[in-house]
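This report refers to the structure that appears directly beneath it.
Numbering (the numbering used here), first residue to last: 101 to 1002.
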């Protein structure tokens, strides 16, 4: 047997088996036995691919099955079972008398059930599913929207994506859901769950028997609940939320205000944005909140929290059982607390804030004054703007503050802080156990401190400020007279305007100031700064540990510094100013005489009016000055300026490193400069002026002769009254001068300028000013081969005088003029050329110009024929003449002549 024949036989057997199974199933459905009339009237299609059973049944397509009188399944894989059942398109199934399945892949099961939408399913007598993917289940159920589902007798799902589940349930809105007998979801995306529930508002939800959600996005959850406002929510039996965005939660809760919330049995939120939470809670003010059984918030934006609490003032808050907030913006917190003043706050059992903006905190606290604040059991703030903090504290003065058990602030603007602190003066402050501020504008800080004088301040245990405008800071610190101040344990400031700062410091006199442990200012206007510093005299100042200023107007600054005389000043560790008007500045500096000044470490000024500045500087004589490290001025009126400079002569000055001026009235300026002669001056590095009155200027210059002068590097002037000017110049003879680099004298009274290789330029010798300075006859300067200069006359030298030269010049001038005239005469002659006759002419004239050797002339010539042929056939007589003018010298010349021709 071939494989094709085998497959054909197998297919036929399969179709017979399928047909037999279908008949058995249909028989079971129809209640007929397999051997009924339908079986007797069955027709099998070719090759067993279809089956039709019943009178008028038709199954004409491959895989089709029609069972029942008049059943029709004429499309592939279609199945129609029941009298008059119709499977009107491919892959459809219709089961039941009069059933119809004509939507693609649809299924209709039940008498007169109809599934006409694509992929639809209708199950139950008279059920209808006529849209794509619709499902109707139950007698007369109808699913008429795309993707809709109706389940239950008479259920209706009429819109796209709608679902109705329950007898008579209706889902008539797009994407709506109705679940429960008679439930109705009638708007877009609505949900109704429960017998008689209704969701008619857009996007609304109703869950519970007879629950109703009638507005957009409303939610009703609970038997007989109602959400009738947009976005409203009602949760609980008989709950009602009628305001937009309102929420009612609890049995018979009612939220009627816009955005209101009522939570709890019989809770009422009747105003916009009101919130009521608790059994019988009531929020009737706009934006109010009532929390707690029988609580009430009737004021706008008020809050009541606690059983029986009441907030009736605008923006009022009552927190606690029986709390009352009746003033606008008031707050009452605690059992039976009471805030009756505008913007008042009462916190604590029985607390009372009756004053405007008053605050009472603590059991029995009382804030009765306007803007008063009472904090603590039985605290009392009765003054306007007063504050009482602490059990039994009292603030009775206006703007007063009492802080601490039994503290008292009775003065206006007073402050008392601490157990039994007392501030009785206006603007007074007492801080500390038993502190007492009794004067006006006083401050007492510290246990048992006392500020008794007006505007006084006492800070520290047992400190005492007894006078007006006093300040005492520190344990046992005392101030007594007006404007005195003491800072530090056991400090004392006993006189007016005195100040003591530091442990055991004392300021005993008027305007005295002592700063530092154990410091002492005993003089009027005195100041002592530093441990153990002492200023004993009038206007004295001592600054530094152990500094001593014991003279009137004296100043000592630095550890151990001493200023012992009137107007003396010592500044630096161990500095000593022991002379009147003396000044010592620097460690170990000493100024020991009248008006002396020593500045620098170990500087010493011991001469009268002397000054020493620099480390180890010394000025030992009257009016001497030493400036520089290790400088020494040991002569009267001497000055040493520079490191190691020394001025030992009277009126001497040494300036520069290691400069030395030992001569009287001498001056040495420059490193290692030496002025050892009286009145000598040495200027420059290593310059030396050793002669009396000598001057040496320039590096390594030397002036050793008396009254000598050496200027220039290495210049030497050793002769008396000699002068050497220029580098290396040397004047070694008396009264001699050497001028210029390397110039040297060779004899007394000589002036030597430059050396053999030098040239000389006198820039101003030819100037008008130089000539104007001369008078009388002048001479020539002459020099020999050695460079010696002298003057000689022109006669001495056989030279012409100016007269001779003038006469010669006159002769030369005459020759020059004559030469000009001769050249001009030649030019005239050239200009006087005779005229030329043409043909038989008898008269001719000519104008001519001539030039010779730069001279020019003009000439006019005339000619006439007097006789022609008188002496022979070819004879003639011609007369001519002319005159010429030179243009340079003005020369005039003329000519005349007669010409005979034969």
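Idealized CB from N, CA, C, for every residue including glycine.
The beta strand (DSSP E) runs lying completely inside the segment 782–862 and spanning 3 residues or more are 795–797, 809–811, 823–825, 837–839 and 851–853, given in chain order. Between residue 967 and residue 974, the alpha-carbon positions lie close to 11 Å from each other. A distance of 9 Å or more separates the beta carbons of residue 729 and residue 738.
Fully enclosed beta strand (DSSP E) runs of no fewer than 3 residues occupy 557–559, 571–573, 585–587 and 599–601 of the segment 551–614, in order along the chain. Looking at the DSSP output, residue 158 shares a beta bridge with 172.
In this structure, the beta-carbon distance from residue 354 to residue 367 falls below 9 Å. One alpha carbon belongs to residue 250, the other to residue 320, and they sit about 23 Å apart. Counting along the chain, the unbroken beta strand (DSSP E) around residue 208 starts and ends at 207–209. Between residue 677 and residue 656, the gap from beta carbon to beta carbon is short of 9 Å. Under a 10 Å Cβ-count criterion, residue 175 is classified as buried, with 16 or more other Cβ atoms of the shown protein chains found around its own Cβ. Taking 3 residues as the minimum length, the beta strand (DSSP E) runs contained wholly in the segment 374–454 are 375–377, 389–391, 403–405, 417–419, 431–433 and 445–447, in order along the chain. Counting the other Cβ atoms within 10 Å of the Cβ of residue 936 gives fewer than 16, which makes it exposed.
Rounded to whole angstroms, the gap between the alpha carbons of residue 466 and residue 451 is 6 Å. Given a length threshold of 3 residues, each whole run of the beta strand (DSSP E) inside the segment 313–356 is given here in chain order: 319–321, 333–335 and 347–349. In the structure shown, the three-state DSSP call for residue 508 is strand.
Annotation for residue 868: the continuous alpha helix (DSSP H) segment containing it runs 868–873.
Contact check for residue 424 against residue 432 passes: the beta carbons are separated by less than 9 Å. Following the DSSP letters along the chain, one finds residue 1000 inside the beta strand (DSSP E) bounded by residues 992–1001.
Collapsing the DSSP output to three states places residue 964 in a strand.
Around residue 276, the same chain offers 262, 285 and 290 as residues with beta carbons nearer than 6 Å, after the five sequence neighbours per side are excluded. Positions of the alpha helix (DSSP H) runs, each at least 4 residues long and wholly inside the segment 219–295, cannot be given because no such run exists. Taking every protein chain shown into account, the CB of residue 443 has 16 or more other CB atoms within 10 angstroms, so this residue is buried. A direct Cα-Cα distance of roughly 10 Å separates residue 481 from residue 510.
Under the criterion of beta carbons closer than 8 Å, residue 551 and residue 544 qualify as touching, at roughly 4 Å. In this model, residue 707 and residue 756 are separated by some 22 Å (Cα to Cα). In this structure, the straight-line span from the alpha carbon of residue 515 to that of residue 612 is close to 32 Å.
In the DSSP assignment, residue 545 falls within the unbroken beta strand (DSSP E) covering 543–545. Counting other Cβ atoms within 10 Å of its Cβ, residue 788 reaches 16 or more and is therefore classed as buried. Counting only residues of its own chain and dropping the five nearest sequence neighbours on each side, residue 732 has a CB closer than 7 Å to the CB of 718, 726, 740 and 746. Between residue 401 and residue 461, the alpha-carbon positions lie close to 23 Å from each other. Distance from the Cα of residue 576 is smallest, within the candidate group 857, 417, 924 and 605, for 605.
With contacts defined by Cβ atoms closer than 9 Å, residue 409 and residue 395 form a contacting pair. When beta bridges are read from the DSSP output, residue 310 appears opposite no residue. The Cβ atoms of residue 979 and residue 941 do not sit closer than 9 Å to each other. For the 9 Å CB-CB criterion, residue 346 and residue 360 form a contact. In the DSSP assignment, residue 949 falls within the beta strand (DSSP E) that extends over 943–952.
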